[in-house]
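A.B. asks: Questions regarding the structure given below will be posed in turn.
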Amino acid sequence: MIYIKSLHKYYGNKQVLKDINLVFNPGEVHGVVGENGAGKTTLFRSISGMENYKGTIDYTGGNIKNSMGFLPTDPYFLSKITGKEYLQLLCNARNIEITDFKEKNIFDLPLQQYAETYSTGMKKKLALTGILLQKNDIFILDEPFNGVDIHSNTIINQVLFKLKELNKIVVLSSHIFSTLYETCDYLHYLKNGSIVKSADKSEFGIIEKEMQASGIGIKIDKLNL
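With UniProt numbering, you'll find the sequence shown wraps up at 225, consecutive numbering, no jumps.
Written out as structure tokens, the structure is:
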């Protein structure tokens, strides 16, 4: 279980996260939604230990870094490292021994090719495969569906269902509400750095309508269409 209490984050004098309080339980999939710049990535990086913050993030399973797989929006890869070598590197970090990566290649990626030559979607699928092979207990996924083809989206959906079945903690962001409806148990609406509403599946529609009504009509009217 992850407890986030009174989480605040500042960049200089600018506050980007304001009094975030959340609880993530094993076997639950949580979605975090909000406009670009709302603070979703900063929240994920804070949970993953990649940002300093004020407040507390407690994980009942021990050191959260040893149990977490973080999928960034734009995964970074070292120059001249193949897909296979990247997967081997991530497995070595968790002392996971895998002799045949070909059978683990669920997205049919060209593992002998340099990862830096992959398309945006392929890079995301390689990074996701890597953290899955690590057998983590926590998965923080920043826009896992972004830039990924329809077939791979289906695979990712099924992976999320499997992680839930395995009692993992999953937190993800997405701008695609249909995938959130299908995969998430809870949604948290992040606006201007604050959680303005949290809802279970029965109230997802309320959050979607609130986001749609949040100044969108005014912005469209400015076009004078």
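Ideal placement from N, C-alpha and C gives every residue a C-beta, glycine not left out.
Source: prediction; values computed, not measured.
Between which two residues does the beta strand (DSSP E) harbouring G205 extend?
C.D. replies: Taking the sequence shown and counting its residues from 1, the one referred to as residue 205 is at position 205. Careful: G205 lies outside any beta strand (DSSP E), inside the alpha helix (DSSP H) at F204 to Q212.
A.B. asks: Going by DSSP, which residues form a beta bridge with Y10?
C.D. replies: As a working mapping, residue 10 is identified with position 10 in the sequence shown. In the DSSP secondary-structure assignment, Y10 is bridged to Q15.
A.B. asks: Report buried or exposed for S79, applying the criterion of at least 16 other Cβ atoms within 10 angstroms of its Cβ.
C.D. replies: Your numbering for residue 79 matches position 79 in the sequence shown. So S79 counts as exposed.
A.B. asks: In whole angstroms, give me the CA-to-CA distance for I195 and S202.
C.D. replies: The residue given as residue 195 occupies position 195 in the sequence shown. The residue given as residue 202 occupies position 202 in the sequence shown. Our two residues, I195 and S202, have alpha carbons roughly 18 Å apart in a direct line.
A.B. asks: If you follow the beta strand (DSSP E) that Y181 is part of, which residue opens it and which one closes it?
C.D. replies: For the purposes of this step, residue 181 is identified with residue 181 of the sequence shown, where counting begins at 1. It is not in any beta strand (DSSP E) - Y181 instead sits in the alpha helix (DSSP H) that spans F177 to T183.
A.B. asks: Exposed or buried, which one is Y11 when buried takes at least 16 other CB atoms within 10 Å?
C.D. replies: Counting from one through the sequence shown, the residue named residue 11 turns up at place 11. By the 10 Å Cβ count, Y11 comes out exposed.
A.B. asks: For V32 and Y53, I'd like the C-alpha separation in whole angstroms.
C.D. replies: What you label residue 32 is simply residue 32 of the sequence shown in a count that begins at 1. What you label residue 53 is simply residue 53 of the sequence shown in a count that begins at 1. So the alpha carbons of these two residues sit roughly 19 Å apart.
A.B. asks: Could you please give me the residues that DSSP links to E28 through a beta bridge?
C.D. replies: Against the sequence shown, residue 28 aligns to sequence position 28. Answer is I169, bridged to E28.
A.B. asks: Only counting the same chain, and skipping five residues up and downstream in sequence, which positions put a Cβ closer than 6 Å to that of D200?
C.D. replies: What you label residue 200 is simply residue 200 of the sequence shown in a count that begins at 1. Once the five neighbours on either side are set aside, the close Cβ partners of D200 are Y186.
A.B. asks: To the nearest angstrom, report how far apart N21 and S198 are at their CA atoms.
C.D. replies: As a position in the sequence shown, residue 21 is number 21, starting the count at 1. As a position in the sequence shown, residue 198 is number 198, starting the count at 1. The straight-line gap from Cα to Cα measures roughly 11 Å.
A.B. asks: Exposed or buried, what is S178 when buried is set at 16 or more other beta-carbons lying within 10 Å of its beta-carbon?
C.D. replies: Residue mapping note: residue 178 aligns to position 178 of the sequence shown, counting from 1. Exposed, because fewer than 16 other Cβ atoms sit within 10 Å of the Cβ of S178.
A.B. asks: Would you tell me roughly how many angstroms separate the C-alpha atoms of E51 and L225, rounded to the nearest one?
C.D. replies: In the sequence shown, the residue the question calls residue 51 occupies position 51. In the sequence shown, the residue the question calls residue 225 occupies position 225. Taking the straight line from one Cα to the other gives about 43 Å.
A.B. asks: S152 by DSSP, collapsed to three states: which one?
C.D. replies: The count along the sequence shown starts at 1 and reaches residue 152 at position 152. Reduced to three states, the DSSP call for S152 is helix.
A.B. asks: Quick one: what's got a C-beta closer than 7 Å to F145's C-beta in the same chain, skipping five residues either side?
C.D. replies: In the sequence shown, residue 145 corresponds to position 145, counting from 1. So the list reads N153, I156, S174, I176 and T179, once near-sequence residues are dropped.
A.B. asks: Here's the rule I'm using: 16 or more other beta-carbon atoms within 10 Å means buried, otherwise exposed. How should L126 be labelled?
C.D. replies: The residue labelled residue 126 in the question sits at position 126 within the sequence shown. By the 10 Å Cβ count, L126 comes out buried.
A.B. asks: If I follow the unbroken alpha helix (DSSP H) through Y76, where does it start and stop?
C.D. replies: Along the sequence shown, read from residue 1 onward, the residue named residue 76 stands at position 76. From DSSP, Y76 is part of no alpha helix (DSSP H); its letter is neither H nor E.
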